[in-house]
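Beneath this line is the structure, given in structure tokens, with notes to follow.
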Amino acid sequence: MKFGENANAIVAARFPDTLTSLYSGYNLLQIEIYIGDLPVSLILKVFDEGTDTSAGSLIYSQDVSNLIVPDSYNTFDLNLPILITGNDIWIGYEVTMTATQFVIGVDNGPVHPDGDWLFDLSNLSYG
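Numbering that gives the first Met the number 0 applies: residue 0 is where the sequence shown begins, and numbers increase by one.
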């Protein structure tokens, strides 16, 4: 689906401690995301615990621009494992795209309270 006007963005999903505590001590080794159109660039980002509506500090970043298969789910191996501590974690990506590209995967819902967060660069907040 393609909705709205296009813009460069940071998107992320929050994984709360009620979920991550089940995996405390394990390592995150891969991230899988859906990509629509082939972007100019895409950088995976993992953020530490923040609030219910805002990611914490950046703890991992990896450019995967040259590994993307458009219009499909993409699984990326992380260059370094990320230890799951049992605290909240935000997983997402920063995408650069042209005005005619629709990269971010969306669906008809329903809205999930911990997913579908888009960082608004003009307001410097998630919403």
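We treat Cβ as the ideally placed atom computed from N, Cα and C, and that holds for glycine.
At least 8 Å separates the beta-carbon of L21 from that of D76.
For L18, the enclosing alpha helix (DSSP H) starts and ends at 16-19. Between the region 6-14 and the region 87-98, the count of C-beta pairs closer than 8 Å reaches three or more; the two stretches touch.
A Cβ-Cβ distance of about 14 Å is found for the pair I34 and D62, leaving them out of contact under the 8 Å criterion.
Here DSSP, grouped into helix, strand and coil, assigns N86 to coil. T95 is bridged by DSSP to S40.
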